[in-house]
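Colleague: Once you've had a glance at the structure underneath, I'll fire off some questions.
Number of protein chains: 4
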Amino acid sequence: MLAENNYGKSGIRLVKIFRGPDRHEVRDLTLAVRFEGNFQAAHSAGDNSQVLPTDTMKNTVYALAADHPMDSIESFGLDLSAHFARENSNVSQVTIDISELGWDRISVKDQPHPNAFLRSGEEKATTRVVRDRSSAQIESGLSHLRVLKSAGSAFSGFRRDRYTTLRETRDRIFATAVTAVWKYASSDLPFAGLRKSIRRALLVSFADHPSESVQATLHEMWAAVLATHREVVSIRLSLPNKHHLPVDLAPFGLENRNEIFVATEEPYGLIEATLKRSP
Amino acid sequence: MLAENNYGKSGIRLVKIFRGPDRHEVRDLTLAVRFEGNFQAAHSAGDNSQVLPTDTMKNTVYALAADHPMDSIESFGLDLSAHFARENSNVSQVTIDISELGWDRISVKDQPHPNAFLRSGEEKATTRVVRDRSSAQIESGLSHLRVLKSAGSAFSGFRRDRYTTLRETRDRIFATAVTAVWKYASSDLPFAGLRKSIRRALLVSFADHPSESVQATLHEMWAAVLATHREVVSIRLSLPNKHHLPVDLAPFGLENRNEIFVATEEPYGLIEATLKRSP
Amino acid sequence: MLAENNYGKSGIRLVKIFRGPDRHEVRDLTLAVRFEGNFQAAHSAGDNSQVLPTDTMKNTVYALAADHPMDSIESFGLDLSAHFARENSNVSQVTIDISELGWDRISVKDQPHPNAFLRSGEEKATTRVVRDRSSAQIESGLSHLRVLKSAGSAFSGFRRDRYTTLRETRDRIFATAVTAVWKYASSDLPFAGLRKSIRRALLVSFADHPSESVQATLHEMWAAVLATHREVVSIRLSLPNKHHLPVDLAPFGLENRNEIFVATEEPYGLIEATLKRSP
Amino acid sequence: MLAENNYGKSGIRLVKIFRGPDRHEVRDLTLAVRFEGNFQAAHSAGDNSQVLPTDTMKNTVYALAADHPMDSIESFGLDLSAHFARENSNVSQVTIDISELGWDRISVKDQPHPNAFLRSGEEKATTRVVRDRSSAQIESGLSHLRVLKSAGSAFSGFRRDRYTTLRETRDRIFATAVTAVWKYASSDLPFAGLRKSIRRALLVSFADHPSESVQATLHEMWAAVLATHREVVSIRLSLPNKHHLPVDLAPFGLENRNEIFVATEEPYGLIEATLKRSP
């Protein structure tokens, strides 16, 4: 018995250049399109008559991009999902995932260049639009936001058992790669401005919060967003603890005054939580 | 309001050598441990008294590995989760993820060497044990299983719209990287033998099934497993379509007799489904 | 006969925090140490008495980092190589490779935070110090500098043969990931300031040069550096052509006014050249 | 002054299916083509009249693949380079790099399937053909060959200084990812058979050699190849030391009988050497 199924196209790479009179704009997106619905015949009888090819999904993204203003990735996702839902009555749910890489302008003689750009970094702006027959839900977010604080982070007073060897510390490096996803209350919002404001709230609370643990800072980052953005109904944060271990210099007759660290990739702590508004 | 939360350690790299009298065995595992439960105080009050450090989770994995026979990754996951549940009464659910890389023996004068090994490939054996206060659920699987068939694969008779340019074909390359996850009916089963048998069933049905689509082959692979393994209650397959596009040689006065292909990474189709036994 | 040999430690991850009275500084380095010399006995007789362990090389990096001001990666590389050469008389040549990732300050209320940082991106500052018994040579550079220009780039008038299908264009996207390496005339220079100035020259010439080809722009970027930096004796550039292909929208009844592109990873053009000063 | 320059196309993905009467064969290649020569006009004057587009290089690879038997990657590289040299008199040197991934047959009822395949692993067969106006040189090799031995490996008696903390050991894990490159004496050799035989010699000597160090084993692997393959004039090996560190279980009241290890990625030792025949 087919319990659930979906299919679609992933890794659709789209770069759009807006050629304004004075300067160009670049949007650099990667998209995925996914259909859910009754595809029983395709699965069990090899009948493809209800299967729109994933190649067509890709073509549609490029065709609809041609005339779209792309004021936000959310608005493009909403329009793409509406098109697919309208044209495919056999599909019960359409999901559009979009992630965007940023490009800053190269500065020439202290002026931003009109058409030459420098990749902003590996941080991605993300959105997921899930549209069924009655409505569309929007979850936006960001990922690969690498941050580090070298003061104001402790981890002490924790539970111990016979396998615990970790030392307590009142002064450690806290480094992470933030993945955040927040759910919007509506599909008619100024998404681009909200994104900037939510990102700023996350960064400021990370920087300023005196941290007793990753958990406590995560909670503070959430709270900062929910307190100031009524448009957001819930937020999920995933914070890998990118451990920076102090190097023991004692064997060399040196003291490590909390200055010399090994940055490690594995293993890593992983702390995740979702906060919702109380009803 | 804290809706859900979890924390743990990921990327725990463990290699165990079993030093038998005649030959060695290697187990090469990567583990993740995750706790869920009431950690409200850690989040909102910076109170770590209920937080076992993720460093301790890692230590525990190494300590418990010392005496474990590791007859299967499932049995090790079951024992790890039981230990953590027993020792941490504040934890409502423990999740253990294990993935294993294989090592074949190097052949010397047609004999398998007793202690020299060659990595089998990038395929991974996986398991997830989720244990709450009453029971443990086991979902095992495999990933990164790269397969390709050069005959017996078609895609035709599909739905078309104004953005469809794909040509129908009765003879294409079907290449994918299988990710499979199956749920076991019980936690007391001969896991190592079952894994071999399920993997074989997946491979044979992929190879032999005359494919009308990725969906149809996926359905056949599922069915092959469920029909012959009563221990399995459901199976999920995720099949990216690793497109191999025939190269147009006509501009060079040559015919491509379905022999010359470009292997592409992006974009890629992605077909996923879960099959359960009918009640 | 042993023709050449080297050994060393790679992937040494070092983060140093400078704890100033008003604010912290972060240096985030990855290093490699490599020895060349007469290690014939180790190779052919299993005699390790002249082999300093690579683990010791790693320890030495951390120990020497403790008191080093790290005003530039070049100065740290010079001091590390001098230490190893002095202490290991059997080594004929020591090579130190250092790459550095940048961290910007998080902005809070329009002020740069004293100890909270945001990863600048994937661009790396690099240096290689090669020290033999008489002198040290320094080659510095940068890598992973992702740039794109959406105007001022053409490729036409090229050689054609029977396999040529590429269309000429006077207006294409030029996107690349710059790897640059320049050789300094001396080991006593203001390296940190020179790096900033050379990087700026590369970016400005990339942005402003009306490009007839990757080759022509590469030549212009070189020339810009050599013309304005007497401290540089040669420069090597490696420019992958990150192709952005215009999407054919004609099948959908749409015109692509050079706005909609697919960004591709493979295959890619690769253009490399070294420019030296004329003697 | 332009000191050296080259350009070409990299990342050309080619899969060829040979459709024999009884069964299919798959060749899965990635190629790079590179030209060197007098391209001064392109660099300094924006004159592309001597520049064959890299897109044409890619097309040529696919066109020449159509009729090529591909009995070895070396023979395909030789023919590709000969074509480019013949057709481009302005090019002084053509370099062709080819790497190949293997596909094993899926076994069905203990019989190898005629057209269904399983990726052999991440190991790559490689070759580089460098052709100038007078001759062609061939360097073949392999990479990503992951091997591990759990006995017969020691590291002791090494040089110590004040930063040395490493303990001597007579029993450690030796794990590496072999990259080997060997130079052939001629361009008219049975390359496919030689490759198999050289690979076997490398594996057997790795497995059987009682290792006093990575250097000593590397030397033995070389020697094994040169002693038995007169067609090879030199061989270069690059062996990263994939450290497996014994876990200290003493804090938990347990003994580690050299059974429990952490596999680490960074930092890693790197040992490289080239052996030539004595003249």
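Chains as they are written, first to last, in the numbering used here: chain A, 1 to 279; chain B, 1 to 279; chain C, 1 to 279; chain D, 1 to 279. Backbone N, C-alpha and C fix where the C-beta goes; we use that ideal spot for every residue, glycine too. Because the structure is a prediction, the values reported are computed rather than measured.
So is A:I260 in contact with chain C if we call contact Cβ pairs under 7 angstroms?
Modeller: Here residue 260 of chain A refers to the residue found at position 260 of the first sequence. Answer yes: the Cβ-Cβ gap between A:I260 and chain C drops below 7 angstroms somewhere.
Colleague: Between which two residues does the beta strand (DSSP E) holding B:H113 run?
Modeller: One-based indexing of the second sequence puts residue 113 of chain B at position 113. Start and end: Q111 to R131.
Colleague: Considering Cα atoms alone, identify which of A:H113, A:S49 and A:R257 is closest to A:D171.
Modeller: Start at 1 with the first residue of the first sequence, and residue 171 of chain A comes out as number 171. Cα-wise, what sits closest to A:D171 is A:R257.
Colleague: Please find out if some non-hydrogen atom of the ligand FMN comes closer than 6 angstroms to the beta-carbon of D:L2.
Modeller: As far as ligands go, the structure on display features none, and thus does not contain the ligand FMN.
Colleague: Give me the subset of the stretch 168 to 201 of chain B whose CB atoms are less than 9 angstroms from a CB atom of chain C, sorted by chain position.
Modeller: none
Colleague: Span of the alpha helix (DSSP H) holding A:R195?
Modeller: As a first step, residue 195 of chain A is located in the first sequence; it is residue number 195 there, counting from the start. Bounds of the alpha helix (DSSP H) holding A:R195 are F191 to D208.
Colleague: Could you tell me the alpha carbon to alpha carbon distance between C:M70 and C:H229, rounded to whole angstroms?
Modeller: Position 70 of the third sequence, counting from 1, holds the residue named residue 70 of chain C. Position 229 of the third sequence, counting from 1, holds the residue named residue 229 of chain C. Here the alpha carbon of C:M70 sits roughly 23 angstroms from the alpha carbon of C:H229.
Colleague: Can you say whether A:K9 is buried or exposed, counting buried as having 16 or more other CB atoms within 10 angstroms of its CB?
Modeller: Position 9 of the first sequence holds residue 9 of chain A. Buried is the call here.
Colleague: Tell me whether the beta-carbon of A:Y163 lies closer than 7 angstroms to the beta-carbon of B:T164.
Modeller: For the purposes of this step, residue 163 of chain A is taken as residue 163 along the first sequence, with counting starting at 1. For the purposes of this step, residue 164 of chain B is taken as residue 164 along the second sequence, with counting starting at 1. Taking 7 angstroms as the Cβ cut-off, A:Y163 and B:T164 do not qualify as a contacting pair.
Colleague: Counting only C-beta atoms, is A:Y7 closer than 7 angstroms to chain D at any point?
Modeller: Your numbering for residue 7 of chain A matches position 7 in the first sequence. Not closer than 7 angstroms to any Cβ of chain D, the Cβ of A:Y7 fails to qualify, so no.
Colleague: Taking only beta carbons into account, state which residues of the stretch 33 to 62 of chain A come closer than 7 angstroms to chain B, listed in chain order.
Modeller: F39, A42, H43, S44, G46, N48, S49, Q50, V51, L52, P53, T54, D55, T56, K58, N59 and T60
Colleague: Could you work out which residues of chain B lie near A:P246, taking near to mean beta carbons separated by less than 8 angstroms?
Modeller: Here residue 246 of chain A refers to the residue found at position 246 of the first sequence. Those do not exist, as A:P246 stays about 14 angstroms from chain B at its closest Cβ, beyond 8 angstroms.
Colleague: Taking the DSSP output, what are the residues bridged to D:D104?
Modeller: If you number the fourth sequence from 1, residue 104 of chain D lands on position 104. According to DSSP, D:D104 bridges with D:L118.
Colleague: Look up A:H244 in the DSSP assignment and say whether it is helix, strand or coil.
Modeller: Walking along the first sequence from the start, residue 244 of chain A turns up at place 244. Looking at A:H244 - three-state DSSP - the assignment turns out to be strand.
Colleague: Is it buried or exposed for B:S75, if we count other Cβ within 10 angstroms and need 16 for buried?
Modeller: Indexing the second sequence from 1 puts residue 75 of chain B at position 75. Answer is buried; the Cβ neighbour count reaches 16.
Colleague: Check whether the stretch 106 to 120 of chain A and the stretch 148 to 157 of chain A are in contact - that is, three or more C-beta pairs closer than 8 angstroms.
Modeller: no
Colleague: Could you tell me the alpha carbon to alpha carbon distance between B:A273 and C:T176, rounded to whole angstroms?
Modeller: For the purposes of this step, residue 273 of chain B is taken as residue 273 along the second sequence, with counting starting at 1. For the purposes of this step, residue 176 of chain C is taken as residue 176 along the third sequence, with counting starting at 1. About 39 angstroms.
Colleague: So B:D55 is in the alpha helix (DSSP H); what residue range does that whole segment cover?
Modeller: For the purposes of this step, residue 55 of chain B is identified with residue 55 of the second sequence, where counting begins at 1. First-last of the alpha helix (DSSP H) with B:D55: T54 to A66.
Colleague: Can you tell me the Cβ-Cβ gap for A:R277 and A:V214, rounded? I've got them flagged as a contact below 8 angstroms.
Modeller: In the first sequence, counting from the first residue as 1, residue 277 of chain A sits at position 277. In the first sequence, counting from the first residue as 1, residue 214 of chain A sits at position 214. Not quite, the Cβ-Cβ distance comes to about 23 angstroms (not below 8 angstroms), so this is no contact.
Colleague: With distances taken Cα to Cα, identify the nearest neighbour of B:D161 among C:F252, C:F191 and C:V262.
Modeller: Stepping through the second sequence from its first residue, residue 161 of chain B is reached at position 161. Nearest option by C-alpha distance: C:F252.
Colleague: Is the shortest distance between the beta-carbon of A:F158 and the beta-carbons of chain D less than 7 angstroms?
Modeller: For the purposes of this step, residue 158 of chain A is taken as residue 158 along the first sequence, with counting starting at 1. Closer than 7 angstroms: no.
Colleague: Could you tell me the distance, in whole angstroms, from the CA atom of D:L275 to the CA atom of B:T264?
Modeller: The count along the fourth sequence starts at 1 and reaches residue 275 of chain D at position 275. The count along the second sequence starts at 1 and reaches residue 264 of chain B at position 264. Taking the straight line from one Cα to the other gives about 38 angstroms.
Colleague: Using DSSP with H/G/I as helix, E/B as strand and the rest coil, what is B:F76?
Modeller: In the second sequence, residue 76 of chain B corresponds to position 76, counting from 1. It is helical.
Colleague: Going by C-alpha to C-alpha distance, which of C:N5, C:T54, C:E255 and C:D208 sits closest to A:S107?
Modeller: Residue mapping note: residue 107 of chain A aligns to position 107 of the first sequence, counting from 1. The shortest C-alpha separation from A:S107 is found at C:D208.
Colleague: Indicate whether at least one CB of chain B lies closer than 7 angstroms to the CB of C:Y268.
Modeller: Along the third sequence, read from residue 1 onward, the residue named residue 268 of chain C stands at position 268. No, no contact with chain B.
Colleague: What did DSSP end up calling B:L14 once you bin it into helix, strand or coil?
Modeller: In the second sequence, the residue the question calls residue 14 of chain B occupies position 14. Strand at B:L14.
Colleague: Look at the Cβ atom of D:L142, then the Cβ atom of D:A180, and state whether they are nearer than 7 angstroms.
Modeller: In the fourth sequence, residue 142 of chain D corresponds to position 142, counting from 1. In the fourth sequence, residue 180 of chain D corresponds to position 180, counting from 1. Yes, they are a contact pair.
Colleague: Using only CA atoms, which one of C:D67, C:L194, C:D79 and C:I235 lies nearest to C:V178?
Modeller: In the third sequence, residue 178 of chain C corresponds to position 178, counting from 1. Out of C:D67, C:L194, C:D79 and C:I235, C:I235 has the C-alpha closest to the C-alpha of C:V178.
Colleague: Run through DSSP, which three-state label would B:S153 get?
Modeller: For the purposes of this step, residue 153 of chain B is taken as residue 153 along the second sequence, with counting starting at 1. Reduced to three states, the DSSP call for B:S153 is strand.
Colleague: Assign C:N45 to one of two classes, buried (16 or more other C-beta atoms within 10 Å of its C-beta) or exposed (fewer than that).
Modeller: Position 45 of the third sequence, counting from 1, holds the residue named residue 45 of chain C. For the sequence presented, residue 45 of chain C should be read as Ala rather than Asn. Exposed, since its Cβ has fewer than 16 Cβ neighbours within 10 Å.
Colleague: So what's B:S81 in DSSP terms, helix, strand or just coil?
Modeller: Translated into positions along the second sequence, residue 81 of chain B becomes position 81. Residue state, collapsed to three classes: helix.
Colleague: Measuring only the C-alpha atoms, how far is B:P279 from C:W103?
Modeller: Counted from its first residue, the second sequence places residue 279 of chain B at position 279. Counted from its first residue, the third sequence places residue 103 of chain C at position 103. Distance between the alpha carbons of B:P279 and C:W103 is about 57 angstroms.
Colleague: Would you mind telling me which residues of chain B sit closer than 7 angstroms to C:R162, beta carbon to beta carbon, in chain order?
Modeller: On the third sequence, residue 162 of chain C is found 162 positions in, with the first residue counted as 1. Correct list: F252.
Colleague: Who are the neighbours of B:E255 on chain C, taking C-beta pairs under 7 angstroms?
Modeller: On the second sequence, residue 255 of chain B is found 255 positions in, with the first residue counted as 1. Ordered by position in chain C, no residue passes the 7 angstroms Cβ test against B:E255, which lies about 16 angstroms from the chain.
Colleague: Residues in the same chain with beta-carbon distance under 7 angstroms from D:S300, minus the five sequence neighbours each way, listed in chain order, please.
Modeller: Outside the displayed range of chain D (1 to 279) lies residue 300 of chain D, so it cannot be described from this structure.
Colleague: Leaving aside the five residues before and after D:L78 along the sequence, list all residues of the same chain whose C-beta is less than 7 angstroms from its C-beta, in chain order.
Modeller: Residue numbering aside, residue 78 of chain D sits at position 78 when the fourth sequence is read from its first letter. Within the same chain, D:L78 has close Cβ partners V129, A136 and S187.
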